[in-house]
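If you read the sequence shown in my numbering, its first letter stands for residue 24, the second for the next number, and so on.
Heads up: the structure comes next, in structure tokens.
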Amino acid sequence: MPTGIVGEFLDLKAETDADVLAMQCGDFYEFFADDAELVADELDLTVSQKSSHGSSYPMAGVPLTELTPYVKALVERGYRVAVADQYETDDGHAREITRVVTPGTILETADDDARYLAAVVREWVGPGAGASASEGDDADGPYGLALADVTTGRFLLTELDDASDLRAELYRFDPAEVLPGPRVRNDDDLLGAVREDLAGSLSVFDAEAFAPGRASHAVRDQFGRETADSVGVDSDLALRAAGAVLGYVEETGAGVLASMTRLTAYGDGDHVELDATTQRNLELTETMRGDADGSLFETVDHTVTAAGGRLLREWLTRPRRNRSELDRRLDAVEALAAAALARDRIRETLGGAYDLERLAARATSGSAGARELLSVRDTLDLVPSLVDAIEGTELADSPIAAVLDRVDRDRAAALRDELANALADDPPKTKTQGGLLREGYDDELDELIASHEEANEWLDSLAEREKRQYGLSHVTVDRNKTDGYYIQVGKSVADQVPEHYREIKTLKNSKRFVTDELEEREREVLRLEEARGELEYELFEALRERVADDAELLQDVGRVVAEIDALASLATHAAGNDWVKPDLTDERRLDVDAGRHPVVERTTDFVPNDLRLDEERGFLIVTGPNMSGKSTYMRQAALIQLLAQAGSFVPARAATVGLVDGIYTRVGALDELAQGRSTFMVEMQELSNILHSATADSLVILDEVGRGTATYDGISIAWAATEYLHNEVRARTLFATHYHELTTLADHLPRVANVHVAVDERDGEVTFLRTVRDGPTNRSYGVHVADLAGVPTPVVDRADRVLDRLREEKAIEAKGGSRGGERNGDGDAGSDTRQVVFDLSSGSFAGGSDRAGGGTATANTAPEPATEREEVDRLDAETRAVIEELSDVDVTATAPVELLSRVQEWQERLDENR
Ligand code: ADP
């Protein structure tokens, strides 16, 4: 076991579960042994060797004042870094770990994004747990979730019903670090899913911190009993998660606990359900490929402040259901969109704002320096200009003015004045170097400074005086660490010095002397220097604390700046892109006149399309060839819905938007296959989640269902899902499918309607018109695409015939239809279902109470399929095999070249068989 400095390092390292330790050794922080190698690898530091008691260890170090960027870089790479500081003791010095910097608790972050630390808990099963906790560990939820952004002091808690809701929430907030509670930690499935969804790290933290008693104590201590009660934290689980977050922040010594004053508890009631898959599918903050470029956020983001950007992102990923809040935002956007000049002025003013939410956190944690306080001053300075730009213009009566009213302007002005009077204009970066404060701020400090400068002047002019008085040439006065102040005289004249000079050192070309007076002056200068430094630091700390006391004011101003910025950003985008204010309604409808896709319209000559979904027509089956624009049309519907519920204008000529409680999407296997993440199982899980979660107030987007399996399986599932969504769930639904057969459901299920994306087809050339029209496509496009891809005509014709034949094999029962029967909403659809049979060969219904006049449906179809089947049976085995392979081919997912070669092979096999 090494002793000495390396031994001490390793002992300290053993105390912490951090990945890396930085230990102060005098003016440096050193990393030894494995840590030195790691740091050298990651950060390009040079490794040297440290000998310690006969052995040699790798060592790397950084100067004391330069640790922060290194720690930051390590933490950004996912490491937890412990810092051990050195302090004086009676017999020398000692070292101890003072903080552990982790991805979720680092204050100095690289970007403007919110940076959350999250804790997740499930039912407590430790000592004192109630009876309900005894259920098996595989029971899903509920979960408590707490999220804290240490850089801004924001603190959120909630309870979630199940793992899928939890994942949606984690995906939305994208925490940098997650603390799984004692039971969550053992849930490999959940942890696996979280790891896949998030880039953040998972950290194991003391299970006791999640215990109910300790957690509620921690929360009360932090926020005060009243706050905890008044924000309505009635979820024990959420409280426990909060307790763990607080415990963790305290233990890692980030010192930012004090900034966490803003406890917000939220429940499900007010937000639109948006699961993780849907957030991804709709490309809200990143594209399916993972780029920020091309996401909805990036497209509509014109914010000029970091906090504004954070807020806008939150609005888009957490759309609301609260009508009055949405109307307020929309009215504000409307006013701002119309007031171009005032808007420009506001944005210009905001451009000078610093990130007050973060500065408040730094002031409370004690890490803010003079420059940060200057930023506070400069930002508060903007308030009056902002007031001018709003109250002095046509915006005076808009909700924007009301936003501004949330700032206590007098208090803001008072703090601003105090800072302006206290801080020097161009203070140094460090707090200990002096020069932080303005002259006239404190009389005592001014006096000290005056005396200090006077004493310094005396010293500065001493050399000149001595030269003159004693006729000496070559005299300088200087100071160093060992000798203190001295008079240095050149060798040639050293024997001419007066008697009261006392020699202290001989150098090669000169001698150093001191005098009694010089020593006395030296003592005085040092005393003044120290007193000045101490007093200035004290005054500065008091000022910083003064700012910390007003942290809430700063956060208020910060929030107001963020909100005005976000609203102005939405207005800027609306005005620049011809977006309109949506009419919000509580009716179940989505009516869009000439709608566009908010992102695609930026780069394409976009063809606008209408959309009508309401109680009579709540389920649209969207058909059309591949690449015709089906999925764009459906996503555009979802995005218009989402934008309206974020409080934004929408890309359309006019839109009436009924508020939804959730938006659910499931996107075709093709898109996802490209990312290598889809399996049929995933597809079915997503479908299952939608069928379970959606309600009559939801919007559902299905872009292909059942593609990942054999045709008949797929069509059956798509068919049944349509019936279920139509009859039971009754959600507003858009369903794009390549199963042409489904289009006939519109004849039978009352609220189902067909739309198709039109193409113009002439001489085998297809032009995509991008226009959505009522009614189904007039043909099945699988074989059609084969035709387009250049598959020889005999094969295409044959495929058409084969397809017909295969269809004849089966007839499908359609459930739930009763044209003109029960109407909207709450009727008991299930009990009113009638049976009919859809004959795939004729493409029509046979039977059903309304159409075939009775329930003897199946009888009608019996004879013909029998004969057809006989015909198929008569075919030889090889031909049947070819037909089977042909019908199994997913034409759209196979490259044309491969299709060609397979077709060739089939032809050869058929030829041989003739
Ligand atoms: P599908 O889902 O039918 O395969 P997509 O929705 O993916 O087709 O659209 C195919 C292409 O057509 C996309 O590149 C898209 O940009 C373009 N597109 C879709 N709708 C429109 C439209 N209304 N106007 C202009 N281009 C469009």
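The beta-carbon is built from N, C-alpha and C at its ideal position, and this holds for glycine as well.
Sequence-distant residues of the same chain with beta carbon closer than 6 Å to Gly581, five excluded per side: Ala330, Leu379 and Glu380
Residues near Asn600 by beta carbon distance below 7 Å, same chain, minus five either side: Pro674
Given Ala376 as reference, the closest of Arg351, Leu403 and Leu396 once Cα atoms are compared: Leu403
Tyr166 beta carbon less than 8 Å from that of Leu140: no
Contact set for Thr26: own chain, Cβ-Cβ below 6 Å, skip 5 residues either direction: His76
Between the CA atoms of Glu414 and Asp420 - distance to the nearest angstrom: 8 Å
Proximity below 8 Å, CB of Phe32 to CB of Val85: no
Arg793 Cβ short of 7 Å to the ligand ADP heavy atom set: yes
Chain-order list of residues whose beta-carbon lies under 8 Å from that of Ala526 (same chain, five-residue window excluded): It is Glu, not Ala, that sits at residue 526 in the sequence shown. The answer, listed in chain order, is Lys534, Arg535 and Phe536.
Local Cβ density within 10 Å of Ala882, reported as buried at 16 or more and exposed below that: Note that Ala882 has pLDDT 34, beneath the 50 cutoff, so the model's placement of it is unreliable and no number is given.
Inter-residue Cα distance where the pair is Leu577 and Val570: 8 Å
Asn956, DSSP secondary structure in three states: Nothing can be reported for residue 956: it is not among the residues displayed for the chain, which extend from 24 to 937.
Member of Glu709, Glu931, Ser239 and Glu557 whose CA lies at the smallest distance from the CA of Val818: Glu931
Continuous alpha helix (DSSP H) stretch holding Arg23: start and end: Since the first and last residues shown for the chain are 24 and 937, residue 23 lies out of range.
Status (buried if at least 16 other CB within 10 Å, exposed otherwise) for Glu928: exposed
Residue range of the unbroken beta strand (DSSP E) whose run includes Ser75: Ser71 to Ser75
Assigned exposure category for Lys73 - 16 Cβ within 10 Å defines buried: buried
Beta-carbon gap between Asn532 and Lys514 smaller than 8 Å: yes
Gly115 - containing beta strand (DSSP E), residue span: Gly115 to Val124
CB contact flag (Phe54, Val43, <8 Å): yes
Cβ neighbours of Val905 in the same chain (closer than 8 Å, five flanking residues each side left out): Trp929, Arg932 and Leu933
Residues near Leu922 in its chain [Cβ-Cβ closer than 8 Å; skip 5 each side]: Ala809, Ala812, Val814, Val912 and Val914
Nearest residue (CA-CA) to Arg429, options Asp483, Lys36, Val410 and Asp501: Val410
Endpoints, alpha helix (DSSP H) assigned at Met657: Lys653 to Ala669
Inter-residue Cα distance where the pair is Val94 and Ala591: 37 Å
Buried or exposed (CB count within 10 angstroms, at least 16 for buried), Val926: buried
Spatial distance of Pro799 from Ala822 (CA atoms): 21 Å
Exposure of Gln492, with buried meaning 16 or more beta-carbon neighbours within 10 Å: exposed
Nearest-angstrom Cα separation, counted from Arg730 out to Val705: 12 Å
Ser721 (DSSP reduced to helix, strand or coil): strand
Leu662 vs Pro621 beta-carbon contact at 8 Å: yes
Local conformation of Asn883 per DSSP, three classes: Residue confidence for Asn883 is low, a pLDDT of 35 falling below 50, so the modelled location carries little weight; the figure read from the coordinates is stated next. Correct three-state label for Asn883: helix.
Closer than 5 Å: residues whose CB approaches a heavy atom of the ligand ADP: Val623, Thr627, Phe629, Val630, Asn649, Met650, Ser651, Gly652, Lys653, Ser654, Thr655 and Arg793
Whole-angstrom distance between Ser282 and Arg774, CA atom to CA atom: 54 Å
Ser910 CB to nearest heavy atom of the ligand COA below 7 Å: Annotation note on the ligand COA: not contained in the displayed structure, which lists the ligand ADP as its ligands.
Backbone secondary structure at Lys534 - three-state DSSP: strand
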